[in-house]
Amino acid sequence: MNKKLKKLAPVSLNDRFRDIPKIQIFEPLEIDEVDESCTDPLNKGFTDFLNISEENEQLTDNEGDDTYLDLDVDCKDFYKSHKPKKQKFQSVNDVFAELESLSAATCSFRGISHQRIQKLIAAYNTQTELEKVVRLVESHVPNLRDKTAVRYARLLTKELKTSSNEEYKEELNLLKENIIGHSPTDLAKTIETIKRQVAEMPKEWNIIQITSHHTEKEAYNLNINIQGTNQLHITVFNCGQDLVDPFVITVDAPYYDGKKLELMQKLTDTFIDYQQNLKEIVNQKRFKNVQEKREYVSRTENTEVTLKEIIKRLEENWLRQWRCLLIGKYQDKSLEKNIRDELEKIYNNQLSKVVIPPKTKELMHYVTKGAGYLLFSEVQKALSYCLNKIVDENTIKEISQLIKEINIAVFQKSDNHLRHPIILIVDECLDSFPWEMLTILTDQPVTRLPSLYFAHLLFKSHEKEIQRGDKIVRSHKNGKYLLNPDSNLPNMEIRIQAFLKYWLPNWTGIINKKPTKEEFFDLVTAADIYSYYGHGNGSHLMSLDFIQKCQIGAVVMLFGCASNKLTQKGAQVEMYSSYYLYLMARSPCVFGMLWPVTDMYTDLLTTEFLSTWLPSSAERGWSKIDKQAWMKTFKIKKLPSKEINADIVRIEEENNLELLRALSQSKKRTNYLTKAACVVRGLPIKIELL
């Protein structure tokens with residue numbers, strides 16, 4: 001933009017209260033140009049914020065322009081009437097009152113300012129735990145939720161004019177109201193909404209929300225490559241019931257040997273170096289000599305070692321004992337019941353003289369389930385928190401020993417230790433971590449979503465097709481694909497085409513050419529499963545803006561570099577992802593990568609994953625095919641009998657019809673960087689055989 005706009009620059013109100021971060025207000029500052037990626041009206045200025053209409057609406061995937069609110073108010077007048085004033089506070093209560101005022105001012109124009117204010121109120125000024133839950137839920141992707149609500153409002157307006165489908169109109173209106181939530185100023189109503197939504201969702205689900213604490217440094221940071229590691233707020237939603245309220249556990253920033261671990265910064269630096277390493281190789285296309293190849297392999301191995309260490313410190317030094325909260329519900333209901341029965345004996349004996357609150361009982365249940373993953377000292381620390389000042393240290397030590405014994409005894413009684421999926425609601429700034437690689441989640445089906453409201457939105461959108469917590473795909477043979485549309489990955493094209501013809505001959509698609517908009521629309525709307533094999537996620541081929549106006553029922557598989565990554569356009573704006581367009585279109589599930597991966601390893605993972613998940617009428621299982629011959633000569637050849645791994649054959653022949661579990665199994669047969677990059681966003685998916 002080459003026109004003058006008013007940008008709103010941050011100014012510190014007061015630094016006398018050092019126990020809480022400084023609050024930010026905004027004052028006008030004349031500048032010649034504004035960053036077009038800015039998504040927050042309080043940062044961007046209101047001159048062109050609402051300059052959109054149904055006729056003049058353009059949101060391109062590449063620019064990430066989030067000018068989307070359709071509000072019948074004069075934004076400048078609103079901002080003048082709500083703009084905070086510089087003032088001196090007489091007490092901490094005055095600061096809290098100002099936070100509430102700012103919360104009210106930003107709830108109509110929700111962006112990064114609203115997000116940060118909700119985090120601050122959650123940390124410092126909530127009267128009850130449910131109020132804290134509300135503030136933390138409201139802090140997740142407020143801009144995206146507003147944008148989605150506006151999109152549904154526009155679709156509804158169009159339907160009212162052109163359609164007589166009353167059921168669809170009612171559905172759109174319900175989704176619009178549910179996704180935007182309520183004003184945080186009406187806490188009672190918002191609490192009831194959240195509790196109702198949690199109770200409506202499948203009882204098999206556990207939703208774990210992980211929110212990063214907001215600090216003063218973040219308010220001033222303008223460099224996206226500078227990242228802080230803060231406190232975490234872990235919120236647990238036990239779905240399908242209304243007896244146990246959602247609760248929050250806050251864990252401090254990680255320390256090791258007395259020093260703070262800047263895990264966020266380490267992860268950022270690691271992938272800056274890793275991508276530079278890949279870029280050098282891609283630019284020259286082939287190694288000059290053996291030594292150069294060895295150096296590349298060595299740098300890649302170092303990246304893997306560093307990433308493993310980051311994950312270890314995330315688990316042991318950041319989540320600490322509370323990583324047990326990430327364990328899903330066991331499919332064998334007797335396991336859950338036996339644990340609760342054994343804990344009741346402890347309540348009636350060692351804790352008979354004290355009243356145990358419901359939250360404490362839930363926490364002790366999680367600690368007992370996860371005791372096999374915790375050190376004895378960690379179990380003690382967890383119980384010290386649960387039973388703080390209620391019992392003495394000797395009693396806590398005794399109960400810790402009993403919990404360890406219960407964990408061993410209960411799990412010896414059952415052969416089925418499979419867990420139901422968990423849905424991770426990960427704060428955008430934490431999304432680059434490969435959470436799925438935590439030891440406690442190794443065999444746990446895991447999927448991600450950006451907000452609790454979006455979990456409920458997808459549930460309501462696909463409710464009729466959800467059985468026992470899984471969204472059912474009834475026609476896995478109805479698949480479509482887009483293969484090598486840039487025409488510059490010839491080896492990958494031949495390998496994947498050979499696999500698709502062998503394993504999924506009924507699938508159809510477009511090969512070695514860019515699709516038209518109409519062809520792409522058919523790919524994503526006419527199939528039960530859509531898969532993409534190429535660079536990125538395909539957004540460079542055309543604007544994907546039209547996707548958000550569709551209704552996509554297909555499972556979307558994006559086998560490309562960083563195809564499921566959240567992109568940070570600036571340090572003071574919300575993140576952006578093409579996945580958000582599929583989410584707005586209510587696609588039940590999107591698979592993709594968090595960072596760039598090489599085509600050879602990606603092809604191996606792709607074929608292992610799809611052959612483990614999708615049944616086939618192929619002559620022999622994919623585990624009995626010679627992979628070396630397939631990679632080098634592109635031909636499907638039978639593997640010699642002596643080289644066949646019986647365990648892999650057994651797993652493949654069973655065909656795990658649950659997408660998340662099939663992915664978890666296939667990850668074990670590829671390198672660390674590739675499997676750590678894999679992320680599923682959306683609902684748990686399962687194939688139904690007819």
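Going by the UniProt record's numbering, 653 is the number at position 653 of the sequence shown; the sequence numbering is gapless.
Backbone N, C-alpha and C fix where the C-beta goes; we use that ideal spot for every residue, glycine too.
Contact check, residue i vs residue j, beta carbons under 7 Å
i           : j      : result
LYS176      : ALA149 : yes
GLN471      : ILE685 : Note on residue identity: the sequence assigns Lys, not Gln, to residue 471. A contact, by the Cβ cut-off of 7 Å.
residue 705 : TYR373 : The structure shown does not extend to residue 705, since the chain is modelled only from 1 through 690, so no value can be given for it.
ILE310      : LYS266 : yes
ARG110      : PRO142 : yes
THR250      : ASN230 : no
GLU304      : LEU673 : yes
ASN317      : ALA571 : no
MET557      : GLN568 : no
LEU452      : VAL137 : yes
ILE208      : ILE422 : yes
ILE406      : GLU342 : yes
PRO202      : GLY538 : no
LEU657      : ILE636 : no
ILE210      : LEU232 : yes
ASN478      : ASP522 : no
ASP626      : LEU639 : yes
Per DSSP, the bridge partner or partners of residue i
i           : result
ARG448      : LEU424, ARG681
CYS589      : VAL555, GLY682
residue 694 : Outside the modelled stretch of the chain, which goes from 1 to 690, sits residue 694, for which no answer is possible.
LYS259      : TYR256
THR250      : HIS233
ILE529      : GLY479, VAL555
ASN206      : ASN238, ILE422
ILE510      : LEU482
GLU658      : LYS686
THR567      : TYR576
ILE466      : LYS471
LYS632      : DSSP lists no partner for LYS632.
LYS638      : ILE625
TYR330      : ARG419
Nearest neighbour of residue i, chosen from the options [CA to CA]
i           : options                        : result
ASN506      : ALA618, LEU160, ASP269, HIS233 : ALA618
LYS565      : GLU428, LEU343, THR606, GLU131 : GLU428
GLN227      : LEU458, VAL251, LEU261, PHE237 : LEU261
GLU608      : SER578, LYS638, ILE496, PHE521 : ILE496
ASN238      : LYS293, SER616, ARG154, ASN206 : ASN206
GLY682      : LYS189, MET631, PHE591, THR516 : PHE591
ARG340      : PRO358, ARG323, LYS353         : PRO358
ILE390      : VAL354, GLN401, LYS189         : VAL354
THR508      : LYS514, ALA526, LYS217, GLU518 : ALA526
ARG145      : ILE121, ILE179, THR157         : ILE179
MET437      : ASN671, LEU160, ASP269         : ASN671
VAL679      : ASN173, TRP435, LYS279         : TRP435
ALA219      : ASN173, ASP245, TYR168, SER113 : SER113
TYR582      : GLU405, GLU518, LEU458         : LEU458
LYS333      : LYS637, ASN277, ASP415         : ASP415
ALA455      : GLU129, ILE194, TYR601         : ILE194
residue 691 : LEU335, ASP603, VAL248, LYS397 : As displayed, the chain neither begins before 1 nor continues past 690, which places residue 691 out of reach and without an answer.
GLN241      : TYR255, GLN197, ILE234         : GLN197
residue 692 : TYR530, ARG448, LEU500         : Because residue 692 is not part of the residues shown, which for the chain are 1 to 690, the question remains open.
Start and end residues, alpha helix (DSSP H) containing residue i
i      : result
ASN302 : 290-313
ASP626 : Counting along the chain, ASP626 falls outside any alpha helix (DSSP H), and DSSP gives it neither H nor E.
TYR502 : 490-503
THR368 : 358-369
ILE403 : 393-412
PHE546 : No alpha helix (DSSP H) contains PHE546, which DSSP labels as neither H nor E.
LEU335 : 333-348
ARG151 : 142-162
Range covered by the beta strand (DSSP E) that runs through residue i
i      : result
HIS233 : 232-238
THR516 : From DSSP, THR516 is part of no beta strand (DSSP E); its letter is neither H nor E.
ASP470 : 470-473
THR606 : No beta strand (DSSP E) holds THR606; the alpha helix (DSSP H) holding it covers 599-613.
*asked:* Does the stretch 402-412 come into contact with the stretch 355-370, if we say contact requires no fewer than three beta-carbon pairs (one atom in each stretch) closer than 8 Å?
replied: yes
_Taking 8 Å as the cut-off, does the stretch 574-593 touch the stretch 541-558 (at least 3 CB pairs, one atom from each stretch)?_
yes
*Is the stretch 658-672 close to the stretch 599-618, with three or more CB pairs under 8 Å?*
yes
*Is the number of C-beta pairs between the stretch 483-493 and the stretch 533-544 that are closer than 8 Å three or more?*
yes
_Counting beta carbon pairs with one atom in the stretch 434-449 and one in the stretch 319-335, are three or more of them shorter than 8 Å?_
yes
*Contact between the stretch 590-605 and the stretch 539-548: three or more CB pairs below 8 Å?*
no
*Touching or not, the stretch 384-402 and the stretch 356-364, by the rule of three or more beta carbon pairs under 8 Å?*
yes
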